[in-house]
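To keep things clear, I will list the structure first and then write my remarks on it.
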Amino acid sequence: MYYELRTYTIKPTKLGDWLALYKSDALPLQREVLGNLVGFFVTEFGGANQVVHIWAYESLDDRQARRTRMAADPRWLEFSRKNKELDAVMSLDSRLMRPTDFSPLQ
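So for the sequence shown, the numbering used here puts the first residue at 43; every next one is plus one.
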């Protein structure tokens, strides 16, 4: 398994609006196409106004196929348009991780 940790830094006054847009427009599609949502969080301490989510994939090829399929979906294109209009995302950091042999998540 591979785990993708995605961290979005959101403009301070737009966190609520971005979460609402994501929940209504992106999350249903991502659950359908990407599948394995491990967790979805907002920061309480540390980096302010950050949204962190973790997705699991069987392999790097699995991730690529799923993300390619999502990128071509009209619902994703519509979310991307609305997301750009909202202008809430300041930065995105994406990390792909492999669990150690002693990790509870495999």
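Ideal placement from N, C-alpha and C gives every residue a C-beta, glycine not left out.
The three-state secondary structure of Phe-82, taken from DSSP, is strand. Taking C-beta separations shorter than 6 Å and ignoring five residues to either side along the sequence, Gly-77 has no partners in its chain. Looking at the backbone, the Cα of Met-112 and that of Trp-118 are separated by about 6 Å. With a beta-carbon spacing of about 5 Å, Ala-98 and Val-80 fall inside the 8 Å limit used to define contacts. In this structure, DSSP gives Leu-138 an extended state, which the three-state scheme calls strand. Nearest C-alpha to His-95 among Asp-135, Ser-101, Pro-54: Asp-135.
Sequence-distant partners of Arg-48 (beyond 5 residues in either direction) whose C-beta falls short of 6 Å from its own C-beta, in its chain, are His-95, Ser-136. CA-CA distance, Leu-63 to Met-132, rounds to 16 Å.
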